[in-house]
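In the working numbering, the protein residues as written are 4 to 211.
C-beta: ideal position from N, C-alpha, C; glycine also.
To start, the structure under review is shown below, and the notes come after it.
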């Protein structure tokens with residue numbers, strides 16, 4: 004029995020009892036930084052949909068709303084609490100530079116980070132903490148939710164017999180992605196805590 008099969012079997016009781024609600028809650032809380040089997044429940048529900056119950060359309064719409072809504076709440080949490088934490092560990096100049104970088108490149112993290120464990124749970128909080136533009140975040144967040152749900156939910160429905168092989172590819176790539184994400188976090192924190200170079204003009208000085 005593969006690891007995926009074990010995970011799918013472990014969430015069957017949740018689907019049988021709560022149906023769409025279980026999928027929604029698990030995916031939603033992931034966006035707030037809480038680990039939950041959202042992706043596993045989505046795949047399991049889509050495999051059941053391939054057999055006729057539940058219906059695929061409402062399932063996918065339910066999952067998109069949960070994914071986009073959960074990350075939006077994570078963004079709000081980061082905007083309120085995360086930014087205060089960053090203000091304590093980083094100089095104003097470093098924080099401004101990090102915010103500018105996330106404004107330019109954060110969409111990629113938000114949109115495609117859904118496919119990486121860890122980033123899926125924290126990208127919304129990171130975007131809020133670094134004051135990413137709300138409209139930009141909303142667009143990337145919704146687009147990423149649609150692509151992620153379509154890939155795992157629609158893909159599991161269409162390729163029911165091959166979903167194990169598909170998941171195995173991502174399972175082998177996951178340690179690499181997690182390692183790169185962890186390195187990125189460490190480098191970012193060290194960079195934020197490092198005193199700014201006195202020879203480098205402040206952003207407002209450069210604009211004069």
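Candidates the options: closest to residue i by CA position
| i | options | result |
| --- | --- | --- |
| residue 125 | 22, 82, 162 | 82 |
| residue 154 | 24, 92, 50 | 50 |
| residue 75 | 104, 147, 25, 39 | 147 |
| residue 24 | 112, 48, 86, 111 | 48 |
| residue 57 | 143, 19, 144 | 19 |
C-alpha gap between residue i and residue j, whole angstroms
| i | j | result |
| --- | --- | --- |
| residue 116 | residue 98 | 22 Å |
| residue 133 | residue 101 | 7 Å |
| residue 21 | residue 68 | 17 Å |
| residue 71 | residue 128 | 13 Å |
| residue 1 | residue 95 | The structure shown does not extend to residue 1, since the chain is modelled only from 4 through 211, so no value can be given for it. |
| residue 138 | residue 160 | 32 Å |
| residue 121 | residue 55 | 32 Å |
| residue 114 | residue 90 | 26 Å |
| residue 109 | residue 136 | 10 Å |
| residue 205 | residue 141 | Here the model assigns residue 205 a pLDDT of 47, short of 50, so the residue's position is not dependable, and the following value carries that caveat. The alpha-carbon atoms of residue 205 and residue 141 are separated by roughly 30 Å. |
| residue 31 | residue 103 | 28 Å |
| residue 26 | residue 118 | 17 Å |
| residue 84 | residue 151 | 27 Å |
DSSP-derived helix/strand/coil call for residue i
| i | result |
| --- | --- |
| residue 53 | coil |
| residue 101 | helix |
| residue 145 | helix |
| residue 37 | coil |
| residue 58 | coil |
| residue 74 | helix |
| residue 19 | helix |
| residue 31 | helix |
| residue 134 | coil |
Whole-Å CB distance - residue i paired with residue j, under 8 Å assumed
| i | j | result |
| --- | --- | --- |
| residue 29 | residue 44 | 5 Å |
| residue 59 | residue 52 | 4 Å |
| residue 131 | residue 77 | 7 Å |
Burial state of residue i, where buried means 16 or more other Cβ atoms lie within 10 Å
| i | result |
| --- | --- |
| residue 33 | buried |
| residue 162 | exposed |
| residue 107 | exposed |
| residue 87 | exposed |
| residue 46 | buried |
| residue 40 | buried |
Residue i CB to nearest heavy atom of the ligand PLP below 8 Å
| i | result |
| --- | --- |
| residue 58 | Absent from the structure shown: the ligand PLP. Ligands present: none. |
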